[in-house]
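What follows is a set of notes on a single structure, which appears directly below.
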């Protein structure tokens, strides 16, 4: 287990998910931005998703091809426990994002506060290459990081902070800016954190992976959870898995 995996396992083992600083009762900005670029027929991956409620909200809205990637097995187990009673199937991948090697592409790549933990040039370059190969031409990249006036650390780790222009520049070789915004996030303890969001469109040039099924670093097919989802809205919500 890598140092990064050990760190995040400890975070989720030692604290209730509702106590971590990034917790949201409803991932309203994420949900709004995903729905602004995608319909339920689109494939969506939530990178660094942890125990976020975004996947639950997307299932309720009819999205059926969903993947969550996180370095912490414990975080993915929390999602599985939450979704289990409804028989929902979602592809879960336990992997450090810079080590992940999917063999499929996605229409939407969503990342709320994973990229900003990559503080060295090599890791950032590997992430940019991965996302460029994994998002279909015309597809969307949605990324949020701490803003330039946001925190310098999160869960004891240093983060890189970005303005919208700086964040867009990281992906400019393959993506074009569609929209950006700032968010004021209130943590469970009442602290305010400023986030930068960008929505980028994948250009038609450059390398991409062939479309297909996911090759998982470690996969869990969820039959998942604690969300009150009307049975009629769950019909057909089954994800293709490798």
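Numbering (the working numbering), first residue to last: 225 to 466.
Glycine included, C-beta positions come from ideal geometry on N, C-alpha and C.
Backbone secondary structure at residue i - three-state DSSP
| i | result |
| --- | --- |
| residue 406 | strand |
| residue 364 | strand |
| residue 287 | coil |
| residue 381 | strand |
| residue 342 | coil |
| residue 248 | coil |
| residue 392 | helix |
| residue 227 | helix |
| residue 401 | strand |
| residue 200 | This structure leaves residue 200 out entirely; the chain is present only between 225 and 466. |
| residue 179 | Examination of residue 179 is not possible in this model, given that the chain is present from 225 through 466 alone. |
| residue 277 | coil |
| residue 353 | helix |
| residue 263 | coil |
| residue 304 | helix |
Best match in the options for proximity to residue i [C-alpha to C-alpha]
| i | options | result |
| --- | --- | --- |
| residue 428 | 338, 362 and 409 | 362 |
| residue 417 | 263, 374 and 302 | 374 |
| residue 280 | 415, 326 and 252 | 252 |
| residue 489 | 368, 388, 311 and 359 | With the chain represented from 225 up to 466, any question about residue 489 goes unanswered, as that position is not in the structure. |
| residue 298 | 318, 413, 282 and 249 | 318 |
Same chain only: Cβ atoms within 6 Å of residue i, ignoring 5 sequence neighbours per side
| i | result |
| --- | --- |
| residue 450 | Any answer about residue 450 is weak, because its pLDDT of 38 lies below 50 and its placement is not dependable; what the coordinates show is given next. Around residue 450: 306. |
| residue 403 | 423 |
| residue 382 | 343 |
| residue 292 | 270, 273, 279 and 316 |
| residue 442 | Residue confidence is low: residue 442 scores 34 on pLDDT, short of 50, so the model does not pin down where it sits. No coordinate-derived value is stated. |
| residue 239 | none |
Chain-order list of residues whose beta-carbon lies under 7 Å from that of residue i (same chain, five-residue window excluded)
| i | result |
| --- | --- |
| residue 444 | Here the model assigns residue 444 a pLDDT of 32, short of 50, so the residue's position is not dependable, and the following value carries that caveat. Within the same chain, residue 444 has close Cβ partners 300, 304 and 316. |
| residue 367 | 335, 339, 391 and 422 |
| residue 408 | 416 and 418 |
| residue 254 | 278, 334 and 336 |
| residue 400 | 424, 425 and 427 |
is_contact[residue i, chain D] using C-beta, thresh 8 Å
| i | result |
| --- | --- |
| residue 424 | Absent here is chain D; the protein component of the structure consists of one chain. |
Assigned exposure category for residue i - 16 Cβ within 10 Å defines buried
| i | result |
| --- | --- |
| residue 364 | buried |
| residue 349 | exposed |
| residue 377 | exposed |
| residue 410 | exposed |
| residue 389 | exposed |
Proximal residues to residue i (C-beta, below 8 Å), its chain only, five neighbours per side dropped
| i | result |
| --- | --- |
| residue 387 | 371, 372 and 420 |
Self-check item: Three CB pairs or more closer than 8 Å across the region 329-347 and the region 304-313
Solution: no
Exercise. Could you tell me whether the region 349-358 touches the region 283-296, where touching means 3 or more Cβ pairs closer than 8 Å?
Key: no
Quiz item: Is there contact between the region 330-337 and the region 269-277, where contact requires at least three CB pairs shorter than 8 Å?
Solution: yes
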